[in-house]
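Here the structure comes first, spelled out in structure tokens, and everything after it is commentary.
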Amino acid sequence: MANSLIWVLVTLVVLAIVIAILARFYQRGTSEVALVRTGFGGRKVVLDAGLLAVPYFNNVTRVNMQTLRLEVKRSGNASLITQDKLRVDVGVEFYVAVRSERAAVSRAAQTLGNRTFDAARLRDLIEGKLVDALRAVAARYSLDDLHEKRSDFVLEVKSALETTLEGNGLMLESVSLTDMDQTPFTDLDENNAFNAAGMRKLSELIARSKKERADIDADAEMAVRQSALTLAKRKLDLDLEEEKARIEQTQQIELLKAAQLADIAARKADSERTIAASRIEMERAITEATLQRDIDLHSQREAERQARIRLDGIEAQAVAAQEKVATDKAVGEAERGKRVAALKAEEAAAARIASARALQAELEAEAEGRRALVQAENGMSDSLMALKTEQARLDALPKAISEMVKPAEKIESIKIHQISGLGQPLGAEGNRVGERSASHQALDAILSMAVQLPALRKLGEELGLSLDGPLSSVRDDRKDA
658 MANSLIWVLV TLVVLAIVIA ILARFYQRGT SEVALVRTGF GGRKVVLDAG
708 LLAVPYFNNV TRVNMQTLRL EVKRSGNASL ITQDKLRVDV GVEFYVAVRS
758 ERAAVSRAAQ TLGNRTFDAA RLRDLIEGKL VDALRAVAAR YSLDDLHEKR
808 SDFVLEVKSA LETTLEGNGL MLESVSLTDM DQTPFTDLDE NNAFNAAGMR
858 KLSELIARSK KERADIDADA EMAVRQSALT LAKRKLDLDL EEEKARIEQT
908 QQIELLKAAQ LADIAARKAD SERTIAASRI EMERAITEAT LQRDIDLHSQ
958 REAERQARIR LDGIEAQAVA AQEKVATDKA VGEAERGKRV AALKAEEAAA
1008 ARIASARALQ AELEAEAEGR RALVQAENGM SDSLMALKTE QARLDALPKA
1058 ISEMVKPAEK IESIKIHQIS GLGQPLGAEG NRVGERSASH QALDAILSMA
1108 VQLPALRKLG EELGLSLDGP LSSVRDDRKD A
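Just so you know, the sequence shown maps onto residues 658 to 1138 in the numbering used here.
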């Protein structure tokens, strides 16, 4: 009994040790990760079960069964070349996964290792295969076809890669062309043969496109202008029809107005003719009566005028006879007075000439005496001589003035009317020669009259005029007689 119990305990211990060993070295596969064991016991692939791997005897490789996204971009000088030698920048996404087959998992574990868990490392490994497939398919498409047949391009790329990726145990689920555009000229090398051919092709394409676009724009512009012209013509036709209708309506209205106005004018003319005939008849009667009255009045006035003419002729003859007698008398008296005055004036002039000659001789004698006196005083200074000359002039001035103003004592009043500038000559500086103040002019006039007064008094006596009293008392003695 005791031995049995010991064996049972030993068995349990051994079983526990075995279970612990199995738990320690047992690995399970999942739907996301497959296992590949190598080493003792040979290669074994586990997709959804488990396996026992003993260290130092076995090696277990994990393989990722999930889908990985591998993005490939080609641009610039690395871009794809199409059939028409044009370069295309593309961006393509490849979705790959390890095929769910033991042989594929085994190849993936063998060729890829743990890269199936790192998309970047996996892309670096197989990017050459992906780019090669892209270039091979793109070379069979032109740029336009590549754009228009994107789905066909993707299918061909996928078909080209399926066989290639099977060697790595991979399955290409799908291919997506996410980006595609023509490579800019600035990124291209003109010395490259492919680039040169592509650039020439692209230049031709751009030029042709510009020409077609210009043709389209021109056609569109012509179509628009043609449409606008048609619309303008239709509008002008409508305006013309409208204007014609308006003119016709206006003409009809004017004709109706003209007819109505003509009827009114005819009636008014008839009425005015009747009124005018009556007025003319009345005016003719009035005119005849007026003419008859004027004729009678003219005849009466003509008779009166003839009588007045005869009476005026008689009176004029009498007045003419009287005036002729008075005129002859006045003419005789005037002729006699003129002759007497002329004789007296000649006598006075002769007397004045004799007096002037005597005065001249006296003055010449006095001048000779003074000349001798001056010669004697030549030794004197100029200022003293001027002083003596001025003193002599001042001494003689009161007497000369008193003698000269005696004739002016008869003047009751003097009125000075100064008018300067008339009949005066101009001096060298533009001033009028002889232009003096009013007081100087009045004094000159008084002195002149004082000199002329004796001759005037003599002439007045000859004519019977008295100049002895004030000027207001001058009268005609003949009338007083």
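Backbone N, C-alpha and C fix where the C-beta goes; we use that ideal spot for every residue, glycine too.
With a cut-off of 8 Å on Cβ pairs, the segment 736 to 748 is not in contact with the segment 691 to 706, counting fewer than three such pairs. Of the candidates 765, 767, 791, 712, the residue whose Cα lies closest to the Cα of residue 751 is 791. Counting the other CB atoms within 10 Å of its CB gives residue 798 a total of 16 or more, which places it among the buried residues. Following the DSSP letters along the chain, one finds residue 778 in no beta strand (DSSP E) but inside the alpha helix (DSSP H) bounded by residues 776 to 795. Pairwise C-beta distances place the segment 752 to 770 in contact with the segment 718 to 735, as three or more of them are shorter than 8 Å. Residue environment for residue 1046: exposed (fewer than 16 other C-beta atoms within 10 angstroms of its C-beta).
No Cβ-Cβ contact shorter than 8 Å links residue 725 with residue 693.
By the neighbour-count criterion, in which 16 or more other beta carbons inside 10 Å mark a residue as buried, residue 825 falls on the buried side. Its Cα nearest to that of residue 834, the residue 787 stands out among 787, 931, 688.
Bounds of any beta strand (DSSP E) do not take in residue 723, whose DSSP letter is neither H nor E. In this structure, DSSP gives residue 736 a state outside helix and strand, which the three-state scheme calls coil.
Distance between residue 773 and residue 807, taken at the CA atoms: about 29 Å. In this structure, the beta-carbon distance from residue 812 to residue 819 does not fall below 8 Å. For the 8 Å CB-CB criterion, residue 729 and residue 837 do not form a contact.
Residue pairing by DSSP puts residue 695 in a beta bridge opposite 716. Comparing alpha-carbon positions, the option among 733, 743, 661, 981 lying closest to residue 859 turns out to be 743. Where residue 700 is concerned, there is no enclosing alpha helix (DSSP H), because DSSP gives it neither an H nor an E. Here the alpha carbons of residue 822 and residue 755 stand approximately 10 Å from one another. DSSP places residue 741 outside both helix and strand once states are collapsed to three, so it counts as coil. At a Cβ-Cβ threshold of 8 Å, residue 704 and residue 757 count as neighbours.
When DSSP states are grouped into helix, strand and coil, residue 931 belongs to the helix group. Rounded to whole angstroms, the gap between the alpha carbons of residue 996 and residue 990 is 10 Å. Spanning the alpha carbons of residue 1000 and residue 967 requires a straight line of approximately 50 Å. Around the beta carbon of residue 731, 16 or more other beta carbons sit within 10 angstroms, so the residue counts as buried. Assigned with DSSP and collapsed to three states, residue 770 falls in helix. Residue 830 is not bridged by DSSP to any residue.
In the DSSP secondary-structure assignment, residue 731 is bridged to 747. Your pair residue 687 and residue 716 does not check out as a contact, with CB atoms roughly 19 Å apart and the cut at 8 Å. Excluding five sequence positions before and after residue 895, none of the CB atoms of its chain fall closer than 6 Å to its own CB.
Rounded to the nearest whole angstrom, the CA to CA distance from residue 925 to residue 933 is 12 Å. Comparing C-alpha distances from residue 789 to each of 817, 768, 800, 767 shows the shortest one belongs to 817. Taking the Cα positions, residue 918 is about 50 Å away from residue 884. Residue 835 sits in a strand when the DSSP states are folded into three classes. Residue pairing for residue 755: DSSP places it in a beta bridge opposite 827. Under the 10 Å beta carbon count, residue 947 is surrounded by fewer than 16 other beta carbons and is classified as exposed.
Inclusion of residue 839 and residue 749 in the CB contact set at 8 Å is not warranted, their separation being larger than that value.
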